[in-house]
Every structure is written in C-alpha cells, then in structure tokens.
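Reading through the structure tokens given below for one structure.
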Amino acid sequence: MRDVFKRIGGKAAVDAAVDRFYEYMLTDDRVKHFFANINMEKQRQHQKDFIAFALGAEGGYAGKDMRSAHQHMVDHMGLSDVHFDATVENLVKALRDLNVPEDVIADAGAIVESTRTDVLCR
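If you count the sequence shown from 1, position 30 lands on 30 in UniProt numbering, and the numbers rise without skipping.
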C-alpha cells in the first residue's frame, strides 16, 4: 500500500476524487443528512487535505483526529457502520469514475477501512 497518493495521481487526482465523492454523498439518502448544515466548500477542502495525508502525501495534517471529528455524529446523529459502508461505497464509485486502477482502489479502501474503529468511536 506504499505510495498510494502517487499511484492515485497526486493532488489533482485526490481533489477530483473528493469532488466526485461529495456528488455521491450529497445525493445518497443514507448519508446526505450529515451534511445538511455544513459549509461544503470548507468540508471539501478539509477532506482533500485529509485524504491526501492518509494516502501518503508529504506534509502533515492539521485537522482533528478521527474520534474527535466524528464523536458528535456518533452521539447525536447515530453515525454507524451503515453510514461508514455507504461512505466507502461512494469513494470507490468516485475512484472508478476517474479510472483509478482497481489495485490502487483496493489499497485506498484498506486505508479508509483502517479508520472505521476511530470514526465510529469504538
């Protein structure tokens, strides 16, 4: 799973993938309610920064840790495995739309999956 950021195509590819990802998320009845009162421009940029970092881009990440970022959604909005699974599905669709090779999608998916416990605050 080394160098997924480079293998996916770098910053431009991550940015395109996140933009496509949110097209799916904002129309997905399973998860769109989580974004009802969110500044989506800020959310998209935050997600681009996080995904780039998580996939191995150089530099750091200044955002909250996964538990802190999602605790409110777990406690007050019922964030669960169903929502996490929908998020992964939407990310995979976005990456496939951009013709990312399946082995790179699998590696990116494994990285995302490794965050499940923290995202769901278990």
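Note that beta-carbon positions come from the ideal geometry of N, C-alpha and C, so glycine has one too.
Of the choices Arg116, Asp97, Gln71, whose alpha-carbon is the least far from that of Asp81?
The residue with the shortest Cα to Cα distance from Asp81 is Arg116.
Using the C-alpha atoms, what's the distance from Cys121 back to Arg67?
Roughly 5 Å separates the two Cα atoms.
Considering just the uninterrupted stretch of the alpha helix (DSSP H) at Tyr24, what are its terminal residues?
Residues 10-25.
Going by beta-carbon coordinates alone, are Asp107 and Val4 separated by less than 8 Å?
Yes, Cβ-Cβ distance for Asp107 and Val4 is below 8 Å.
Can you list, in chain order, the residues of its chain whose CB lies under 8 Å from that of Gly63, leaving out five sequence neighbours each side?
Taken in chain order, the residues that qualify are His46, Asp49, Phe50, Ala69.
Can the beta-carbon of Met77 be found closer than 8 Å to that of Phe21?
No, the Cβ-Cβ distance between Met77 and Phe21 is not below 8 Å.
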